[in-house]
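Have a look at the structure below before the remarks.
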Amino acid sequence: MDGWTQTLSAGWLLSIAAMAIVLILLLIVKLRVHALLTLVSVSLLTAVATGLPMDKIVNDVLLKNFGGTLGSVALLVGLGAMLGRLVETSGGAQSLADALIRMFGEKRAPFALGVASLIFGFPIFFDAGLVVMLPIVFATARRMKQDVLPYALASIGAFSVMHVFLPPHPGPIAASEFYSANIGQVLILGLPVAMFTWYVSGYLLGKVLGRTIRVPVPDLLSGGAVDNDRPQTPAKASTVVGIMLIPMLLIFMNTGLSTLISEKVVSADEHWVQVARMIGSTPVALLISVLVALYVLGRKRGEKASALEKTVDGALAPVCSVILITGAGGMFGGVLRASGIGQALADSMADLGIPVLLGCFLVALALRIAQGSATVALTTAAALMAPAVAAAGFNDWQLACVVLATAAGSVGCSHFNDSGFWLVGRLLDMDVPTTLKTWTVNQTLIAAIGFSVSALLFAVV
């Protein structure tokens, strides 16, 4: 904040952050206080304890970060829930699940969902891909009469690794700029890193955890149990794939144009570029997809307008809790950023005198733990470590490995200050301990494997 300087030492700031995390655990796990009330209360107490100006805490820190998170999440979750509900009630989700099982076999259904998510995850951001794909995941698990965890982790892990490691997602693009790495080389090396990391941390981990952790298929995202008395025949799997390709292609157009702009191939000031990027923005792309689904899966198949209105309206109420708790998680992360806790932790890691590649990973990991956002952790760590990387004299391929190593650090140890922690936990209807045992483990394993593979490639190239 302008005009305010943090006077507390790094030790005090880190102690406050640790106490805040312990307090969240105590309130949610032991005392069973609702997550929204807990996160708002702890965010307020942390802001006061770190000495943020009293007249700035509510409006400039708490509400600003809460609103900022809602701005990026609420519309995506709402539109995604509508799209998912239309796909599910039309029978299309079940048709696609049946098609995947026929194509890959029952035992490989989680693998098939993961591969599909890897493809969809190339242009689509994590949260948008998640809400679009989960109805297919739920339908497949129901079709197999099994718990959802092995299927969900295979899909969610795929979206996560694509978002973290590969251009054209914003984190790798920004880190490449800071390190002066070639985006094409980052993409070439990032693909095998992402694929191998997903196979172990998403697909295999889901199979292992699914043996001991029970996560029943939730009705949350679909808006309730599916009405089996609907008269019409189920929508075809090809129709569902076509509808799901709409946001993928539109968002890919947008991110592709962003890459071309950064490479100065096209100008951001051209009118056609601005129009195309607006159409390809994630909220607009999802809106177009919902409107197409309303016609193709609804009116074209004989559904009445009043029935369609009830269908999409029924998708919104169950996700309100998801949206609010996710916003509160963003609020807590914003307090940690504004108070200087994230910067204090990053500075402490940067001063240890360790090898540059490992230092980039650890600084990004420290920022991730301190403030929650993977994209913020990646871009901030790259900005902090850019002088050290430039002075090290790495070749072009090694610079690409440094980008990937930093990206790996930015995803580890997801916990209460990460809005994704609450989004995944609530969409899968998991309590906090189960989310820690599944989602947090998945994210930490992505970090460990991603860094290990990046370090191995660094030594080879």
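Take the sequence shown: its position 250, counted from the start at 1, is 1238 in my numbering, and no numbers get skipped.
Virtual Cβ for every residue (Gly too), placed ideally from N, Cα, C.
Note that the coordinates shown come from a computational prediction; the quantities given were computed from them, not determined experimentally.
Contact under 8 Å by Cβ, residue i with residue j
{"i": "residue 970", "j": "residue 1178", "result": "With the chain represented from 989 up to 1449, any question about residue 970 goes unanswered, as that position is not in the structure."}
{"i": "residue 1115", "j": "residue 1411", "result": "yes"}
{"i": "residue 1399", "j": "residue 1362", "result": "yes"}
{"i": "residue 1273", "j": "residue 1239", "result": "yes"}
{"i": "residue 1296", "j": "residue 1286", "result": "yes"}
{"i": "residue 954", "j": "residue 1441", "result": "A question about residue 954 goes unanswered here, because the residues of the chain that appear run from 989 up to 1449."}
{"i": "residue 1438", "j": "residue 1128", "result": "no"}
{"i": "residue 1370", "j": "residue 1162", "result": "yes"}
{"i": "residue 1146", "j": "residue 1105", "result": "yes"}
{"i": "residue 1100", "j": "residue 1088", "result": "yes"}
{"i": "residue 1231", "j": "residue 1284", "result": "yes"}
{"i": "residue 1407", "j": "residue 1431", "result": "no"}
{"i": "residue 1072", "j": "residue 1137", "result": "no"}
DSSP-derived helix/strand/coil call for residue i
{"i": "residue 1440", "result": "helix"}
{"i": "residue 999", "result": "helix"}
{"i": "residue 1400", "result": "coil"}
{"i": "residue 1434", "result": "helix"}
{"i": "residue 1071", "result": "helix"}
{"i": "residue 1448", "result": "helix"}
{"i": "residue 991", "result": "coil"}
{"i": "residue 1138", "result": "helix"}
{"i": "residue 1020", "result": "coil"}
{"i": "residue 986", "result": "For the chain, the structure presents residues 989 to 1449; residue 986 sits outside this window and is missing."}
{"i": "residue 1078", "result": "coil"}
{"i": "residue 1314", "result": "helix"}
{"i": "residue 1343", "result": "coil"}
{"i": "residue 1250", "result": "helix"}
{"i": "residue 1170", "result": "coil"}
{"i": "residue 1327", "result": "coil"}
{"i": "residue 1110", "result": "coil"}
{"i": "residue 1429", "result": "helix"}
{"i": "residue 1053", "result": "helix"}
{"i": "residue 1195", "result": "helix"}
{"i": "residue 1064", "result": "helix"}
{"i": "residue 1224", "result": "coil"}
{"i": "residue 1301", "result": "helix"}
{"i": "residue 1207", "result": "coil"}
{"i": "residue 1040", "result": "coil"}
{"i": "residue 1006", "result": "helix"}
{"i": "residue 1244", "result": "helix"}
{"i": "residue 1235", "result": "helix"}
{"i": "residue 1155", "result": "coil"}
{"i": "residue 1093", "result": "coil"}
heavy atom of the ligand COA below 7 Å from residue i C-beta
{"i": "residue 1419", "result": "Of the ligands one can find in the structure shown there are none, so the ligand COA has no counterpart to examine."}
Host alpha helix (DSSP H) of residue i (start-end)
{"i": "residue 1373", "result": "1362–1380"}
{"i": "residue 1048", "result": "Here residue 1048 belongs to no alpha helix (DSSP H), and DSSP marks it neither H nor E."}
{"i": "residue 1408", "result": "1407–1415"}
{"i": "residue 1115", "result": "1114–1132"}
{"i": "residue 1166", "result": "1158–1167"}
{"i": "residue 1291", "result": "Where residue 1291 is concerned, there is no enclosing alpha helix (DSSP H), given that its DSSP letter is neither H nor E."}
{"i": "residue 1023", "result": "1023–1037"}
{"i": "residue 1256", "result": "No alpha helix (DSSP H) contains residue 1256, which DSSP labels as neither H nor E."}
{"i": "residue 1423", "result": "1420–1423"}
{"i": "residue 1272", "result": "1270–1281"}
Which listed residue (the options) has its alpha carbon closest to that of residue i
{"i": "residue 1475", "options": "1437, 1343, 1316", "result": "Any question about residue 1475 goes unanswered here, given that the chain covers just 989 to 1449."}
{"i": "residue 1234", "options": "1418, 1073, 1120", "result": "1120"}
{"i": "residue 1026", "options": "1015, 1035, 1242, 1033", "result": "1015"}
{"i": "residue 1013", "options": "1086, 1374, 1421", "result": "1421"}
{"i": "residue 1133", "options": "1065, 1206, 1253", "result": "1206"}
{"i": "residue 997", "options": "1448, 1327, 1418", "result": "1327"}
{"i": "residue 1222", "options": "1414, 1079, 1072, 1324", "result": "1079"}
{"i": "residue 1394", "options": "1428, 1381, 1434, 1053", "result": "1434"}
{"i": "residue 1276", "options": "1070, 1122, 1147", "result": "1070"}
{"i": "residue 1126", "options": "1164, 1084, 1158, 1167", "result": "1084"}
{"i": "residue 1171", "options": "1423, 1384, 1431", "result": "1384"}
{"i": "residue 1444", "options": "1388, 1267, 1319, 1199", "result": "1388"}
{"i": "residue 1226", "options": "1329, 1405, 1086", "result": "1086"}
{"i": "residue 1247", "options": "1415, 1386, 1158", "result": "1158"}
{"i": "residue 1392", "options": "1229, 1094, 1329, 1175", "result": "1175"}
{"i": "residue 1229", "options": "1320, 1108, 1173, 1408", "result": "1108"}
{"i": "residue 1358", "options": "1001, 995, 992", "result": "1001"}
{"i": "residue 1094", "options": "1066, 1130, 1048", "result": "1130"}
{"i": "residue 992", "options": "1043, 1067, 1091", "result": "1043"}
{"i": "residue 1103", "options": "1348, 1140, 1201", "result": "1140"}
{"i": "residue 1034", "options": "1142, 1321, 1144", "result": "1321"}
{"i": "residue 1018", "options": "1354, 1419, 1436, 1425", "result": "1419"}
{"i": "residue 1325", "options": "1349, 1348, 1355", "result": "1355"}
{"i": "residue 1397", "options": "1382, 1245, 1142, 1349", "result": "1349"}
{"i": "residue 1268", "options": "1236, 1254, 1290", "result": "1236"}
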